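Enquirer:
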Amino acid sequence: MPAYWLLKSEPDAFSWDELVSRGAKGESWDGVRNYQARNNMRAMKVGDLGFFYHSNEGKNVVGICRIIALAHPEAKDETGKWECVDVAAVAPVPNPVTLEAIKANPKLDGMVLVNNSRLSVQPVSADEWKEVCRMGGVEQRKLKV
DNA sequence: GCCAACGTTGGC
DNA sequence: GCCAACGTTGGC
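In case it helps, the UniProt record's numbering puts the first sequence at residues 1 to 145.
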């Protein structure tokens, strides 16, 4: 049973399309400079799934990605404090789920995205995962490894 | 562009 | 160790 996560990125900095273009090689999720977010990354396992959320522009869940490498030190980080996981795109969300729609759904009022919008790497419960997938038109069986 | 919320820094 | 000042994020 994989765990679920939500990863935020400003599309100007790194967009879903860019992750898709990396293919199976994926990309290091670097640049995280927040301890809570780092601890969440440390808790990730290979095969866990995550929503890819566009902040600022779009403000919606646009894709599903998979964790392909455990947390490891950031090569460029000289302090040695910060780590990143590697992620690869799995599938787009056919109908991107907006923050507005998430806020409007009572089933999702416990989501970290709603209550702690600044945290860039967040856990997502299995129920929340299912509900957002349903709203986005994601067929879950297609996400199986 | 503004500002609220949050995290970090640094003086004491 | 407290807390004021500051910086950053991200929704609006």
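Cβ atoms here follow ideal geometry from the backbone N, Cα and C, with glycine treated the same way. Owing to the predicted nature of the structure, the values given are computational and were not obtained by experimental measurement.
Any contact of the segment 117-135 with the segment 14-24, i.e. 3+ C-beta pairs under 8 Å?
Expert: Because the criterion of three Cβ pairs below 8 Å is not met, the segment 117-135 and the segment 14-24 do not touch.
Enquirer: By the three-class DSSP mapping on this structure, what secondary structure does Ser-55 have?
Expert: The sequence position of residue 55 within the first sequence is 55, counting from 1. Ser-55: coil per DSSP, three-state reduction.
Enquirer: For Gly-63, I'd like the list of residues in its chain whose CB is within less than 8 Å of its CB, leaving aside the five on either flank, ordered along the chain.
Expert: For the purposes of this step, residue 63 is taken as the residue at position 63 of the first sequence. So the list reads Trp-16, Leu-19, Val-20, Phe-51, Phe-52, Ala-89, Val-90, Ala-91, Pro-92, Val-93, once near-sequence residues are dropped.
Enquirer: I'd like to know if the segment 96-105 and the segment 53-62 are in contact, where contact means that at least 3 CB-CB pairs between them fall below 8 Å.
Expert: Yes: the two stretches touch, three or more of their Cβ pairs being nearer than 8 Å.
Enquirer: In this structure, does DSSP put Pro-2 in helix, strand or coil?
Expert: The sequence position of residue 2 within the first sequence is 2, counting from 1. Residue state, collapsed to three classes: coil.
Enquirer: Buried or exposed, going by whether 16 or more other CB atoms sit within 10 Å of the CB of Gly-74?
Expert: For the purposes of this step, residue 74 is taken as the residue at position 74 of the first sequence. A small correction: the amino acid at residue 74 is Glu; Gly does not occupy that position in the sequence shown. Per the 10 Å Cβ criterion, buried.
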